[in-house]
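In full-length UniProt numbering, the protein residues as written are 1 to 279.
Glycine residues also receive a C-beta, built at the ideal position from the N, C-alpha and C atoms.
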Amino acid sequence: MTHVELHHGAATDVGLVRQANEDAYLATPPVFVVADGMGGHDRGDIASAFVVEEFARLAEGRYDLERGTAVVDATLQAVQDRLLAYDAEQRAAGAGDTFAAGTTAVIALLVESPDGPRWLLANVGDSRIYRFSEGELEQVSVDHSVVQELVDAGRLTPAAAAVHPSRNVVTRALGGAAMPSSVSGAADYFLLPLSAVERLVLCSDGVSGMIDDPSIAEILARHDDPRDAADALVAAAVAAGGHDNATAVVVDVVGLAHEDPYDSAAQRMSLEQKLGALP
């Protein structure tokens, strides 16, 4: 595979309302993930940590570049299997029938195609993936949510969806109350050529739900360094009210790798997760 030079930044914040941060992220080039856990403290944070752990194994194990969707499907299934086992353990320990740990997931990874490397993007739930090119912001992922279904059916405008009381209700997730044994078909996939993407943004709804798309675009345009951009997105979400945990990963496609690529210790870590959820 052609070596692609990527610059990235990531940031997360518990916000001003939640007591614990149930978001998690991974930034291990060429794999990037944001997961938004659900189910309360010691539930949602464990679910999102499972996502990060499994995709970290994928990143460090040099996945098959020509089988991208199959590789991601298998990794999502590994997450679901762990959530099923964890759910069974907790119920056996007396957690009750209402116990449910779940999480969203958005994933971006490089794959190989006959035309060269491309971005393979995947989402489950309402965390989002945006692309930012030539000053224009476009949401690539489609929210798996009640309000998005109403928008798609023409029963709700996007503006009304943003303030709808059910705007945080997701229709797909890993784990959760239903907890099916298989997650086949749960993820939506998108394949983008590198030439179509100057910058990718992966974020939880604690970012996209607190600041609108024009504000996101303005922040991205103002900050050339993806580390500054990620910090600014999360800071803006907190300043806007911080009603939820806020997490953003920003990835820039710089071009072919040079002999001395941008690779500072602060920029590229084998596992970037500032939550302390993983041992």
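Straight through space, the alpha carbons of F55 and Y189 are spaced by roughly 16 Å. Residue burial is scored here from C-beta neighbours: S48 has at least 16 other C-beta atoms within 10 angstroms and is therefore classed as buried.
Taking a cut-off of 8 Å for Cβ pairs, the segment 152-169 and the segment 220-229 do not touch, as fewer than three such pairs fall below it.
Between V51 and A24, the C-beta gap is smaller than 8 Å, which places the two residues in contact. Taking a C-beta distance under 8 Å as the contact criterion, D252 and G206 do not qualify as a contact pair.
Rounded to whole angstroms, V250 and A88 show a C-alpha spacing of 36 Å. For Q19, there is no enclosing alpha helix (DSSP H), as DSSP marks it with neither H nor E. Within the segment 126-159, the complete alpha helix (DSSP H) segments at least 4 residues long are 146-152, listed from N- to C-terminus. In the three-state scheme derived from DSSP, where H, G and I count as helix and E and B as strand, S113 is classed as strand. Around the Cβ of Q19, a 10 Å sphere holds fewer than 16 other Cβ atoms; the residue is exposed.
In terms of Cα proximity to T104, the closest of S182, G94, V33 is V33. Contact between L191 and R118 holds, since their C-beta atoms are separated by about 5 Å, short of 8 Å. Secondary structure of E198 (DSSP, three-state): coil. Listed as beta-bridge partners of H8 by DSSP are V251. In the structure shown, V169 falls within a coil segment according to DSSP collapsed to helix, strand and coil.
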